[in-house]
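These protein sequences, in sequence, are chains A and B. Heads up, the final residue of the first sequence is numbered 74 in the numbering used here, and it's a clean run with no missing numbers. Heads up, the final residue of the second sequence is numbered 1761 in the numbering used here, and it's a clean run with no missing numbers.
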Amino acid sequence: MNNRITGALLLGVLGALTLFSCTKDITVAQPPYTNRASGQCFIEPDSVPVLYLNATVPYFDPAVKKTNWSYGTL
Amino acid sequence: MKILFLCIACLSLAFLCAAQRITVNGYVKDAASKEILIDAIVANLADHSGTVTNQYGYFSIPVKTKDTIALLFSFAGYQSVVKKIASKTDIQIEVLLVSGTALQGVTISAARNDDNVKKPQMGVIDVPVSAIRELPALLGERDILKIIQLLPGVQQGAEGTAGFYVRGGNIDQNLIQLDEATLYNPNHLFGLVSTFNVNALNSVKLIKGGFPAQYGGRLSSILAVSMRDGSKTKYQGEAGIGLLAANLTLEGPIQKEKSSFIISGRQSYINLLLQPLTSNSTSYAFYDLNAKVNYELGNKDHFFLSAFRGNDNASYTGANSLNYAVNFGNSAALLRWNHIYQNGLFSNTSLIYNDYHLQLGTSQSNYYEVLYTGVTDVNAKTAFTASLNNNHTIRFGADYVYHTLFPGTFSAKIPKKGNLLNINKDSIERRFSNEIALYANDDYQATDKLSLSYGVRAPFFAASGKTYFFIEPRLTLQYLINTQTSVKASFTQMNQFVHLIANNTASLPADIWLSSNALIKPQSSTQYAIGLFKNFMDNDMEASAEVYYKSMQNQVLFKEGTVLSLTTNLDAQLTFGKGKSYGIELFVKKRFGRLTGWASYTLSRTDQQFAELNFGKAFPASFDRTHNLALVASYQLSKHWTLSADFVLTSGKPYTLPAGKIIAYDGGSLYDGYYYDYTNRNNSRLAAYNRSDISASHKKEATLFHKFHFTREWIFGLYNAYSRDNPYFVYLTIDPLTKQPQAKQVSLLPIVPAVSFNIKF
């Protein structure tokens, strides 16, 4: 089943959504979470492999910024 | 096997106990239309023993031989009748009860059914069709499945839809039958309206636990819906028009008091509403048709031929000539024969064909793709009921089903016309299987206070060279504390051989049915329940508290990350696990008088555990709701006006929320620049759901041209009367200004007014 079929499946619901639905911002409680170590490694031909080490943060944590990243080369 | 032999031995003993008695049997019918009355009370005034008519209106009561026997016949809303019978041999009678509406100025004082206390049955709820007619309905379409959702232990599916979950069982664990024919998808309009046309219905019964042995094939519930036979005395009809559809029902005698017919149809005209809003880009139409004829050959044979067809057809044309089309529906045909043998032995033999199909198509320019999935069953069964003496009612029979399943087939052909390809079903993949079950069950009144229903069902299933055979013991005990109070306990084992593999998007009809094979083992369940049942105010009010525990094995879901478009072997994408559900159900119902209705509350928990999902840890099922409260009331304000209302409050639906995140350094723009860390499946819940619906109906008799007498009825209703924004789903996004995660809740149905008009002539 590809995306088109999925689209056909959702035809009725989307139609109803178009006619009746409303969307609003809500506040969702953050699930319990403990930060975990994260590693992202990029290996490309003719490039120096790069490993980025960091720690995950809770999903709704606003503190995460790119500048917090630490990285190094192998 | 020991259990089987034990049950057969007990049943044989019961046969031997029948002596020095005669059997009075026959049918109880409405005097005006000769329509059968289901669950009418038959009481022997000599010893206060009794029975009720079965789903075919038939009763059989053994009585001691004496000069004159006095039997009381009673049914809610009808005048009771005492029949005096003088016979030394078995005798068959036909009892006609006069409806209260036909007795102007007469107060009906009928004996009231107290089966809920005195019968060894648990988890059985009869929903009067008259109650369904009075309660609020979404868009004015009266719907039995919406009423079923308001019962204890039953959980509604998505907002506004007719899907339901019973005691922690998935939606496919409900066996839904119309006149004994299985309907695999009893929905119109993607579930907003069910296929059941209330005008054609006689009775609705939900069984959710303590299953007698005659029921099997599903783990969680049996919803048995029966059609009316049609008046045998006069021609009459009903017609109605609402916001979505119009309906017409005609019935009458073919040969007076011998045979009759009923035909009832419903056709939507949603297109008229859609066209101004969608500029002809969207069309939707549905219809359903019920037809039935019956013929009484003498007083011992009764033949029925009935048919049903319901279908939905939708299409949508988007930008760049991209077309979608959907067609789905059910068909069923049934030939049934009731026969009364000597000693009141009653048989029901049926030959049934039913078919469900779903076609989805998309096309653009020269590209075309279609999915076809469906089920076709040929079913033959015979069932016998014998009342041996006042203490034993024996049921035994056999049930055979030949399943043909079309799990899902894609085609790239281009249709010659229209948006949807006509598929030759012989050319696509099919899976065949045979399901046979033998059963025997005895309702045994052991003492004045203790009665039990015990039996065994033995299903056998064969498909693709693999066979399965099970013994399913069934037991329900009932102990009468006093005439108004009893405690009951039940133990049930069930097996299921066809499975709905749920699509994880929504309860849409694209869900695919698969039968068991070497890889897909049958689902099985063991259920224990205990309950206290009490009636008040001369059986006007009934109350119950039931506690249940159900364990389920071989539950089926798709593996994590399954993309069906990339799948050529569905079986390889399945994962198997177990589930358990437990809870307490409280129920209070007021059955008679100007104010009727009920309150139900369920406190429950349903967990599932799969080795390949959620790191092997248990997680709440997507249909788990901790609290489920429903209040339903109908009040007859005056001779013409009836007001009704309901209120629903449930815990929110579980869903999976990412718990952590990490910025993606490269290539993460697809996910707003983040990778997400999911720790637990269904780790969060939508906000609690609550809604109230109200309606008012005005009914009045009228005459046209001084000759044409009819009853007209206006119904005004409000769905979601205080227009609460109930959550349909939640999605996550990144706020473009603050760059912070934001949850957004989508609500589907605000306040929806409805008006409909019906006439009965």
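Just so you know, even glycine gets a beta-carbon here, dropped at the ideal spot from N, CA and C. Values in this document were obtained by computation on a predicted structure and should not be read as measured data.
In this structure, the alpha-carbon of Thr-1362 of chain B lies about 10 Å from that of Ser-1315 of chain B.
Among the CB atoms of chain A, none fall inside 8 Å of the CB of Gln-1636 of chain B. By the Cβ rule, the region 1167 to 1184 of chain B counts as touching the region 1577 to 1590 of chain B, because three or more pairs are nearer than 8 Å. Under the 8 Å Cβ criterion, the region 1177 to 1191 of chain B counts as touching the region 1324 to 1332 of chain B, having at least three qualifying pairs. Annotated as distal: Thr-1382 of chain B and Ser-1433 of chain B, with beta-carbon spacing of 8 Å or more.
The C-beta distance from Arg-1142 of chain B to Val-1198 of chain B rounds to 4 Å, short enough to meet the 8 Å contact threshold.
Here Ile-26 of chain A is actually not in contact with Lys-1617 of chain B; their C-beta atoms are around 27 Å apart, not less than 8 Å. Here the alpha carbon of Ser-1638 of chain B sits roughly 47 Å from the alpha carbon of Leu-1388 of chain B. In this structure, the beta-carbon distance from Ala-1687 of chain B to Leu-1649 of chain B does not fall below 8 Å. Per DSSP, reduced to three states, the secondary structure at Asp-1571 of chain B is helical. Proximity of chain A to Ala-1332 of chain B at the Cβ level (cut-off 8 Å) is not reached, the minimal Cβ distance being about 23 Å.
Not a single CB atom of chain B sits nearer than 8 Å to the CB of Pro-45 of chain A. Excluding its 5 nearest sequence neighbours in each direction, Arg-1431 of chain B has C-beta neighbours in its own chain below 6 Å: Leu-1405 and Ser-1515, listed in chain order.
For Asp-1677 of chain B, the CB contacts under 8 Å within the same chain, skipping 5 residues up- and downstream, are Pro-1658, Ala-1659, Gly-1660, Lys-1661 and Ile-1662 in chain order. At a cut-off of 8 Å between beta-carbon atoms, Gly-1717 of chain B makes no contact with chain A.
Below 8 Å, enough C-beta pairs join the region 1526 to 1540 of chain B and the region 1115 to 1135 of chain B to call them touching: three or more. Annotated three-state conformation of Ala-1213 of chain B is coil, per DSSP. The continuous alpha helix (DSSP H) containing Ala-1131 of chain B extends over residues 1129 to 1134. Annotated three-state conformation of Asn-1294 of chain B is strand, per DSSP. Its Cα nearest to that of Ala-1489 of chain B, the residue B:Val-1117 stands out among B:Val-1095, B:Ile-1036, B:Val-1081 and B:Val-1117. Under the three-state reduction of DSSP, Val-28 of chain A is assigned to coil, being neither helix nor strand. Taken in chain order, the unbroken stretches of beta strand (DSSP E) that lie wholly in the region 1041 to 1128 of chain B and span 3 residues or more are 1041 to 1044, 1050 to 1052, 1058 to 1064, 1069 to 1074, 1081 to 1085, 1091 to 1097 and 1124 to 1127. Taking 8 Å as the CB threshold, Ala-1721 of chain B stays off the interface with chain A. When secondary structure is reduced to three states using DSSP, Gln-1275 of chain B falls in the helix class.
Within chain A, no C-beta atom comes less than 7 Å from the C-beta of Val-1755 of chain B; the nearest is roughly 18 Å away. The region 1445 to 1459 of chain B makes no contact with the region 1228 to 1238 of chain B: fewer than 3 CB pairs, one atom from each, lie closer than 8 Å. By the neighbour-count criterion, in which 16 or more other beta carbons inside 10 Å mark a residue as buried, Glu-1546 of chain B falls on the buried side. For the pair of segments examined, the region 1515 to 1527 of chain B was found to touch the region 1569 to 1580 of chain B: the number of CB pairs separated by less than 8 Å reaches three. At a cut-off of 8 Å, the C-beta of Pro-58 of chain A has a neighbouring C-beta in chain B.
With a 10 Å radius around the Cβ and a threshold of 16 neighbouring Cβ atoms, Arg-1681 of chain B comes out buried.
DSSP, reduced to helix, strand and coil, places Asp-1624 of chain B outside both helices and strands of the structure shown, so it counts as coil. For Ile-1481 of chain B, the enclosing beta strand (DSSP E) stretches over residues 1472 to 1482.
In the structure shown, Phe-1328 of chain B adopts extended strand secondary structure according to DSSP, grouped into three states. Restricted to the region 1695 to 1735 of chain B, the beta strand (DSSP E) segments that are unbroken, complete and at least 3 residues in length are 1708 to 1719 and 1727 to 1734, listed in chain order.
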